Amino acid sequence: MAEATLSGSASAAKAATRQAVQNVNAPLWRHAVFVAPYLFFFVTLLVVPLFWSMWLSLHKADAFGVGRFVGIDNYLRLFRDKIFIQSVGNTFYFVFLTVPALALIGLLLALALNRKTKSAAALRAVYFSSSVLSVTIVTLIWRIVFIGNFGLLATVYGWFGATAPAFLSDPKLTMIGIAIATVWWCIGLPMMLFLSALQQVPREIYEAAALDNASRWRTLWHITLPSIRRTFVLVIIIEIVLQFQLFGQARLMTQGGPNNVSKPIVLYIYEAAFTKWDLGLGAAASEILFILIMIAAMAQYFISRRRGEEG
Amino acid sequence: MSSMSSGRIVGRSTGDRIILVLVIALALIMMAPIAWIIALSLKDNKELMTDMNSVFHAPYTINNYVNILATSSVFRWILNSVIVSGGLTIMTLVLSSLAGYGFARLSFPFRNTLFVIVLLGLAVPEQAVLIARHQLFSWLKFHNTYHGLILPGLAAPFGVFLMTQYFRAIPKELDEAALLDNASRFKIFWKVLLPLTIPAQATLGIFTFLSSWNDYFWPLISGTKKEMYTLTIGIASTQTNFAQSEGLGFLMSQAVFAGAPILILYLFFQKYIVTAVSGAAVR
Amino acid sequence: MTAHIEIQNVSKRYGSLTVLDGLSLTINANEFMVFLGPSGCGKSTLLRMIAGLESVDDGTISINGERIDNLPPGQRDIAMVFQSYALYPHMTVADNMAFGLRNIGLPAEVISARVAEAARMLEIGHLLERKPGQLSGGQRQRVAIGRAIVKEPKAFLFDEPLSNLDAALRVRTRVELAQLRNRVRSTMIFVTHDQIEAMTLADRIVVMNNRKIEQIGTPMEIYSRPASRFVATFVGSPTMNFLPVGLSGENGFARAKLPDGTDLQTAIRLEGINGSGHSLGIRAEAVKLANGTAATTTGKVEVIERLGDRTLLYTRLKEGSVVIAEDVGNSRIAIGDQVALALDGARTHLFNAEGRAWHNEGVGHG
Ligand SMILES: Nc1ncnc2c1ncn2[C@@H]1O[C@H](COP(=O)(O)OP(=O)(O)O)[C@@H](O)[C@H]1O
Ligand SMILES: [Mg+2]
Numbered sequence: 010m011a012e013a014t015l016s017g018s019a020s021a022a023k024a025a026t027r028q029a030v031q032n033v034n035a036p037l038w039r040h041a042v043f044v045a046p047y048l049f050f051f052v053t054l055l056v057v058p059l060f061w062s063m064w065l066s067l068h069k070a071d072a073f074g075v076g077r078f079v080g081i082d083n084y085l086r087l088f089r090d091k092i093f094i095q096s097v098g099n100t101f102y103f104v105f106l107t108v109p110a111l112a113l114i115g116l117l118l119a120l121a122l123n124r125k126t127k128s129a130a131a132l133r134a135v136y137f138s139s140s141v142l143s144v145t146i147v148t149l150i151w152r153i154v155f156i157g158n159f160g161l162l163a164t165v166y167g168w169f170g171a172t173a174p175a176f177l178s179d180p181k182l183t184m185i186g187i188a189i190a191t192v193w194w195c196i197g198l199p200m201m202l203f204l205s206a207l208q209q210v211p212r213e214i215y216e217a218a219a220l221d222n223a224s225r226w227r228t229l230w231h232i233t234l235p236s237i238r239r240t241f242v243l244v245i246i247i248e249i250v251l252q253f254q255l256f257g258q259a260r261l262m263t264q265g266g267p268n269n270v271s272k273p274i275v276l277y278i279y280e281a282a283f284t285k286w287d288l289g290l291g292a293a294a295s296e297i298l299f300i301l302i303m304i305a306a307m308a309q310y311f312i313s314r315r316r317g318e319e320g
Numbered sequence: 050m051s052s053m054s055s056g057r058i059v060g061r062s063t064g065d066r067i068i069l070v071l072v073i074a075l076a077l078i079m080m081a082p083i084a085w086i087i088a089l090s091l092k093d094n095k096e097l098m099t100d101m102n103s104v105f106h107a108p109y110t111i112n113n114y115v116n117i118l119a120t121s122s123v124f125r126w127i128l129n130s131v132i133v134s135g136g137l138t139i140m141t142l143v144l145s146s147l148a149g150y151g152f153a154r155l156s157f158p159f160r161n162t163l164f165v166i167v168l169l170g171l172a173v174p175e176q177a178v179l180i181a182r183h184q185l186f187s188w189l190k191f192h193n194t195y196h197g198l199i200l201p202g203l204a205a206p207f208g209v210f211l212m213t214q215y216f217r218a219i220p221k222e223l224d225e226a227a228l229l230d231n232a233s234r235f236k237i238f239w240k241v242l243l244p245l246t247i248p249a250q251a252t253l254g255i256f257t258f259l260s261s262w263n264d265y266f267w268p269l270i271s272g273t274k275k276e277m278y279t280l281t282i283g284i285a286s287t288q289t290n291f292a293q294s295e296g297l298g299f300l301m302s303q304a305v306f307a308g309a310p311i312l313i314l315y316l317f318f319q320k321y322i323v324t325a326v327s328g329a330a331v332r
Numbered sequence: 041m042t043a044h045i046e047i048q049n050v051s052k053r054y055g056s057l058t059v060l061d062g063l064s065l066t067i068n069a070n071e072f073m074v075f076l077g078p079s080g081c082g083k084s085t086l087l088r089m090i091a092g093l094e095s096v097d098d099g100t101i102s103i104n105g106e107r108i109d110n111l112p113p114g115q116r117d118i119a120m121v122f123q124s125y126a127l128y129p130h131m132t133v134a135d136n137m138a139f140g141l142r143n144i145g146l147p148a149e150v151i152s153a154r155v156a157e158a159a160r161m162l163e164i165g166h167l168l169e170r171k172p173g174q175l176s177g178g179q180r181q182r183v184a185i186g187r188a189i190v191k192e193p194k195a196f197l198f199d200e201p202l203s204n205l206d207a208a209l210r211v212r213t214r215v216e217l218a219q220l221r222n223r224v225r226s227t228m229i230f231v232t233h234d235q236i237e238a239m240t241l242a243d244r245i246v247v248m249n250n251r252k253i254e255q256i257g258t259p260m261e262i263y264s265r266p267a268s269r270f271v272a273t274f275v276g277s278p279t280m281n282f283l284p285v286g287l288s289g290e291n292g293f294a295r296a297k298l299p300d301g302t303d304l305q306t307a308i309r310l311e312g313i314n315g316s317g318h319s320l321g322i323r324a325e326a327v328k329l330a331n332g333t334a335a336t337t338t339g340k341v342e343v344i345e346r347l348g349d350r351t352l353l354y355t356r357l358k359e360g361s362v363v364i365a366e367d368v369g370n371s372r373i374a375i376g377d378q379v380a381l382a383l384d385g386a387r388t389h390l391f392n393a394e395g396r397a398w399h400n401e402g403v404g405h406g
């Protein structure tokens, strides 16, 4: 276990004496034993698979092994595949449906529930509670709500002699149905992020505004909202990254149907790789997803680094 | 707006009351689907077949729950989930604490470079590594084993990131005092610093447990045998077709039974869960 | 158990920033040595190098003739009290004190005997089962000292241990430290930027500034024969008066021409004084109100500070420089008064533009 030489010693003789120095701050290889166990898993299960996936995406590969190198063939196949293009479109549509809704509803709830009363605390707990459920339970709940003859929605519409919209089978509505279930499931996170941002707005600002006789709306528009602007952007990006990875809801509620109108990219990847066992194609599709998410994550990085600069 | 900031001084205005009523109403609507499936789970299967509206009135029964005890695979799935999520949580805590201490406090060659690489790992979505991981595990014959379900979660950088931040926030004088007290680096980690990280351990532990418990992707492709299903996968497998199922009430009771533990856990550890989930999102 | 500490030519660099530059100094066995200097001058760094918490880039440190700068901190037989106390928050007071002893595998009876003895000495026996979070600042401070005492080290290192206490407690603890010092015979090194702490506690003071040692000496030497203008400015409150002067000689002693033209005969030998841009230093206690004849010069009182036992008068001389004079506690002077000042020429110091100092002979030699 070599010890790094300390810099700055003039002569070789001095350097030799310094070599023996047990400096508490000197870099030592044996200190790395603390990080080695994690790094082992990090490298074998994240770094290697990451590059391996990239490599796979350039090969013809199936369940029995990796075949020949095909260059960007898999990518070309993807772009020629209408269903893949459709799944990208579906994913963007889903993000467009859910992200603004999550951000706005989350913000409104946070504004309404940002008080120190017991009822507000209880309501916060209720709104967050759905977030701890698994996607399986969530979709089970919402299928039972949406399902044709005996769903909750059908029952309620039945009282008024009306027919409920067919969120699970009408091609125009399936994505919206999935989006409703998703917003219901995920609303807790944006609400909490906004709440913690609101709590960081200095109280003196409100007191100053109150002394200036600012009205409720003016305070909201000119003080509260501007001071959580950065959080708003952050929430949008976090949700874009999360909702881009839509999978369980679509697979469990509609199986991507009818006719692929609710098939997102991840479901496409899953089917390509694990039902058709076209691993090369699946890997190529996952690289494209990776790039899309990277762009969003990069934006998040730059915005969260700028945190200090704004108030 | 004064009502929105904290510490309301004197009585509430009408606006506040309206907002409160709206928020409560929305919460009730939000809870309605859950109430709906709880109600269904308490009804006899045959009665539901003939008349859905019977949900709204007696007789209610707990027979469906009794049947779970007798017939369902739910217990096996719960056991699997407990083993997988519990094992992953414990190992994540151990690995992240060790690595967090190493990155935050010890100096070794390439430390900063390695840390940056680990941080970059935060940006890698699961889908970008799944296929290769699956292939790797096929060759290692890890599919349909507990370690096959646990191991991938150990690579996630979030825990290391969180623990490193937490260790960095502990005053360095404590390490120095312990060094002067003749403690080894491991002893400093174990006896002096680790006890101070318990809040972070709770946050990370709950987050890891919850995400593993609810994970619907890796177990779906790795634990494909029915006896290796986790609860999340198992419940999904029962609901492929409501019409032909063992009965709606029974299905719903299974869902309630599966969802209840996590909701109860949430009731007790609400604060930690919220911190954990929001912390992981912002990181 | 005591240590004779020899520091030779020690340097410390952080990258391109040199914090200490070739320092040498000897600390005698059982000596109470204070490192005094402005914040950021490298006092803590030097102390931490002795403790082994910072590496030594150049030079050597030895204790009792044995080189220790290559030993890990735990093996140097040294105890340190940190400014923040650095108590282990999750351990009881007793465990805090016992931790280091357990680590070297002392028998349990020895440990509990030492802890009990230290607790008795510091009057913290009733706190032994508490956690640091349940203690007041002063109590924590005692525990931190107790944790050092139980180790029976060769040397105690204190890094500004009083600076986190409120003013009253600081004075009391200072006195207690002085008493403790008589009971625990051991070498002590105490870092502070507070000159009163330094003056009251030290056997000798090391005044540091800007990577270097400015002066090493007893408190009285430092006070009455500051080796440089920096030391003269830094030690003593209120700070020494400085007046630019022209020098002439009279039977070997310097005679200073003050800015307003008056002459002041000093007791400083002219021989050896070099450089240019001389200034005369005189402490407030050597500037009194003159009753007529003895007056050196006159000034107008601008600020009055009443300290109870004495009064400080900030007076502006005719040409504009300010001189702080001392008067009795119940001084009748009011702001705006024109006063006659008597400067005691025998208690003056001369400095050149580089900061070198010359003093009269004999005064303050300890
Ligand atoms: N780890 C470090 N890296 C870079 N510079 C440092 C470090 N520690 C201390 N310094 C610098 O060294 C100088 C001396 O610091 P210190 O010994 O703490 O001063 P003091 O205790 O006299 O206030 C300061 O200018 C400080 O900024
Ligand atoms: Mg310091």
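Residue numbers (the working numbering), protein chains in the order written: chain V, 10 to 320; chain G, 50 to 332; chain C, 41 to 406.
Glycine is no exception: its CB is placed at the ideal position from the N, C-alpha and C atoms.
Quick caveat: nothing in here was measured; it's all calculated off a predicted structure.
Beta-bridge partners assigned by DSSP to residue 389 of chain C: C:321, C:399.
In the displayed model, residue 123 of chain C falls within coil according to three-state DSSP, outside both helix and strand. Taking 8 Å as the Cβ-Cβ cut-off, the region 83–114 of chain C approaches chain V at 92, 93, 94, 95, 96, 97, 98, 109, 110, 111, 112, 113, given in chain order. In the displayed model, residue 49 of chain C falls within a strand according to three-state DSSP. Not one heavy atom of ligand 2 falls within 7 Å of the beta-carbon of residue 246 of chain C. Counting along the chain, no beta strand (DSSP E) covers residue 136 of chain V; the unbroken alpha helix (DSSP H) around it starts and ends at 127–138. Within the same chain, and ignoring the five residues on either side of residue 70 of chain V in sequence, the residues whose Cβ sits closer than 7 Å to its Cβ are 76, 288, 289.
One thing to note: residue 64 of chain C has its Cβ no nearer than 8 Å to the Cβ of residue 45 of chain C. Just so you know, the alpha carbons of residue 315 of chain G and residue 233 of chain G end up roughly 39 Å apart. Burial state of residue 43 of chain V is buried, judged by a 10 Å Cβ sphere holding 16 or more other Cβ atoms.
Ligand 1 never approaches residue 55 of chain V closely enough for any of its heavy atoms to be under 7 Å from the residue's Cβ. With fewer than three CB-CB distances shorter than 8 Å, the region 137–155 of chain C does not count as touching the region 195–215 of chain C. For residue 338 of chain C, the enclosing beta strand (DSSP E) begins and ends at 337–346.
Rounded to the nearest whole angstrom, the CA to CA distance from residue 256 of chain G to residue 71 of chain C is 56 Å. Remark: fewer than three beta-carbon pairs, one from each stretch, lie closer than 8 Å, so the region 280–290 of chain G and the region 101–113 of chain V are not flagged as touching. Residues of chain G with a Cβ closer than 8 Å to the Cβ of residue 75 of chain C do not exist, since the nearest Cβ in that chain sits about 18 Å away. DSSP places residue 161 of chain G within a helical segment (H, G or I) once states are collapsed to three. Each of G:66, G:106, G:67, G:95 was checked against the Cα of residue 85 of chain G, and the nearest Cα belongs to G:106. Cβ contact annotation for residue 327 of chain C (same chain, cutoff 8 Å, sequence separation greater than five): 281, 363, 364, 365, 366, 381, 382, 383, 384, in chain order.
Exclusion of the five residues before and after residue 61 of chain V leaves no residue of its chain whose Cβ lies closer than 7 Å to its Cβ.
Under DSSP, residue 284 of chain C forms a beta bridge with C:319.
Fewer than three Cβ pairs drawn from the region 193–200 of chain G and the region 212–231 of chain G lie within less than 8 Å of each other, which leaves the two stretches out of contact. Here the region 98–117 of chain G lies against the region 294–305 of chain G, with 3 or more beta-carbon pairs under 8 Å apart. Ordered by chain, the residues meeting the criterion of a beta-carbon within less than 5 Å of a non-hydrogen atom of ligand 1 are C:54, C:59, C:79, C:80, C:81, C:82, C:83, C:84, C:85. Taking one beta carbon from each stretch, the region 100–108 of chain C and the region 227–245 of chain G have fewer than 3 pairs nearer than 8 Å; the two do not touch.
Closer than 7 Å to some heavy atom of ligand 2: that describes the Cβ of residue 200 of chain C. Under a criterion of Cβ atoms nearer than 9 Å, no residue of chain C is adjacent to residue 161 of chain G; the nearest Cβ is some 15 Å distant.
Relative to residue 199 of chain G, the option among G:102, G:258, G:149, G:236 whose CA is nearest is G:258. No heavy atom of ligand 2 is found nearer than 7 Å to the CB of residue 215 of chain C. Residue state for residue 300 of chain C is assigned as coil, using DSSP reduced to three classes.
Excluding residues up to 5 positions away in sequence, 296, 297, 298, 299 lie with their Cβ nearer than 7 Å to the Cβ of residue 94 of chain G in the same chain. The C-beta of residue 210 of chain V has 16 or more other C-beta atoms within 10 Å across all chains shown, which makes the residue buried. Setting aside the 5 residues that flank it on each side, residue 269 of chain V is surrounded in the same chain by 92, 95, each with a C-beta closer than 6 Å to its C-beta; the list follows chain order. In this structure, the CA atom of residue 254 of chain G is about 7 Å from the CA atom of residue 142 of chain G. With contacts defined as CB atoms closer than 8 Å, residue 33 of chain V and residue 193 of chain C fail to qualify as a contacting pair. The three-state reading of DSSP puts residue 68 of chain V in strand, counting E and B together.
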